[in-house]
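Colleague:
Numbering (my numbering), first residue to last: 16 to 236.
(1) With three or more C-beta pairs closer than 8 Å as the rule, is the segment 147-161 touching the segment 114-125?
(2) Buried or exposed: where does residue 176 fall if 16 or more other Cβ atoms within 10 Å of its Cβ makes it buried?
(3) Please list the segments of the alpha helix (DSSP H) lying wholly inside the segment 70-129, counting only runs of 4 or more residues, in order along the chain.
(4) Sort 92, 145, 75 by Cα distance to residue 187 and report the nearest one.
(5) Where residue 184 and residue 198 are concerned, what is the direct C-alpha to C-alpha distance, given to the nearest angstrom?
(6) On the three-pair Cβ rule with 8 Å, is the segment 191-211 touching the segment 146-153?
(7) For residue 129, which option in 139, 121, 120 has the closest C-alpha, if you only look at C-alpha atoms?
(8) Determine the burial state of residue 112: buried for a count of at least 16 other Cβ atoms within 10 Å of its Cβ, exposed for fewer.
(9) Less than 8 Å between C-beta atoms, sequence neighbours within five positions excluded: which residues of the same chain meet that for residue 124?
(10) Within a Cβ cutoff of 8 Å, which residues of the same chain sit near residue 12, ignoring the five residues on either side of it in sequence?
(11) Taking only three categories from DSSP, how would you classify residue 50?
(12) What does a CB cutoff of less than 7 Å around residue 230 pick up in its chain, not counting 5 residues either side in sequence?
(13) Which two residues bound the contiguous alpha helix (DSSP H) that contains residue 56?
(14) Quick check on this structure: which residue in 216, 29, 63, 144 has the alpha carbon closest to the alpha carbon of residue 206?
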């Protein structure tokens, strides 16, 4: 656990010294959501109906944009090789990096979502469920994304390949999360969607660090 906290602290310090890797995805998130009213319609009724889908698509793309920095800098600096040959648990080290990624990307997205939801005329109950779905699902986005990032860590200009690998795995999360926000606005029960998102989170938490560790070993051989 001590090495987990040390790795987490190191990644947070690296991000603070290189703020563009954190700010760029968040700026993309805010700008992309802000452009939808201009492209579709400024009417409150129209925007409130699609607000959940807009914010969730932008959230997924922002997380995807930030995944390139998850292992890339450590690969270039030789840190990943040191992690592989160290006596510490590689899945635990990877989990600490995923945690840092979520703290730097997922948490700001969750905090920004109420403002953007109100900007898109989402009602108060919809905003609450939007934040709840983001809280449940953004860790899953980071965990699943780590698997894809570990597979292409040694490939240059791999952004498109990463998108092709990860986006299909994000689709179920997008469907159930946006459905939960839309249905709560009309008074329907959303427990099934929330259970599904929670199940994905638990399964991802149990499997993703180990699969990412195996993928890194294969990629760096």
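Ideal Cβ placement from N, Cα and C applies to all residues, glycine included.
Modeller: Let me lay it out:
(1) yes
(2) For the purposes of this step, residue 176 is taken as residue 161 along the chain shown, with counting starting at 1. Label assigned to residue 176: exposed.
(3) 83-92, 94-100, 105-116
(4) Along the chain shown, read from residue 1 onward, the residue named residue 187 stands at position 172. Taking only the C-alpha atoms, the option nearest residue 187 is 75.
(5) Position 169 of the chain shown, counted from the start, is the residue given in the question as residue 184. Position 183 of the chain shown, counted from the start, is the residue given in the question as residue 198. Those two C-alpha atoms are separated by around 23 Å.
(6) A contact exists between the segment 191-211 and the segment 146-153.
(7) In the chain shown, residue 129 corresponds to position 114, counting from 1. It is 139 whose Cα lies nearest to the Cα of residue 129.
(8) For the purposes of this step, residue 112 is taken as residue 97 along the chain shown, with counting starting at 1. Buried, because 16 or more other Cβ atoms sit within 10 Å of the Cβ of residue 112.
(9) For the purposes of this step, residue 124 is taken as residue 109 along the chain shown, with counting starting at 1. Excluding positions up to five away in sequence, the list reads 41, 44, 74, 77, 78, 149, 153.
(10) Lying outside 16 to 236, the shown extent of the chain, residue 12 is not represented and no answer is given.
(11) Here residue 50 refers to the residue found at position 35 when the chain shown is read from its first residue. Note: residue 50 maps to helix in three-state DSSP.
(12) For the purposes of this step, residue 230 is taken as residue 215 along the chain shown, with counting starting at 1. The beta carbon of residue 230 is closer than 7 Å to those of 162, 165, 166 in its chain, skipping five residues each way along the sequence.
(13) Your numbering for residue 56 matches position 41 in the chain shown. No alpha helix (DSSP H) contains residue 56, which DSSP labels as neither H nor E.
(14) By one-based count along the chain shown, residue 206 stands at place 191. Nearest of 216, 29, 63, 144 to residue 206, Cα basis: 144.
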